[in-house]
Amino acid sequence: MNIQKHADNVVSGYKKTLTLEQLQLLGDESLEELQILIEAALGSAVSTALHDNVKEIEALAKETRKRAGSISLLEN
Numbered sequence: 482m483n484i485q486k487h488a489d490n491v492v493s494g495y496k497k498t499l500t501l502e503q504l505q506l507l508g509d510e511s512l513e514e515l516q517i518l519i520e521a522a523l524g525s526a527v528s529t530a531l532h533d534n535v536k537e538i539e540a541l542a543k544e545t546r547k548r549a550g551s552i553s554l555l556e557n
């Protein structure tokens, strides 16, 4: 996922829901700040999801090593 591009798409979609007057009141700077906030939120969510996946993989590896050790003992 390209976070910056996704945030840009979200802001573009949001801009389409606004009237010309609302767009003028918000201004480009506010919309750029919105994009930065969306990027930060997406980045945080992706980072958390990846971290959780790594923990699950580490637990699976630990369990696999444990089972492999048990199998080795049976073979001897």
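Numbers 482 to 557, taken from this note's numbering, label the letters of the sequence shown in order. Even for Gly, the Cβ is constructed at its ideal location relative to N, Cα and C.
Item: By the 10 Å Cβ neighbour count, where 16 or more other Cβ atoms means buried, how is A522 classified, buried or exposed?; Value: exposed
Item: Rounded to whole angstroms, how far is the Cβ of L512 from the Cβ of V492, which I believe are closer than 8 Å?; Value: 6 Å
Item: In this structure, does DSSP put T500 in helix, strand or coil?; Value: coil
Item: Measuring only the C-alpha atoms, how far is L504 from K486?; Value: 21 Å
Item: For I484, which residues of its own chain have a beta-carbon under 8 Å away from its beta-carbon, when the five flanking residues on both sides are left out?; Value: E520, L523, G524 and V527
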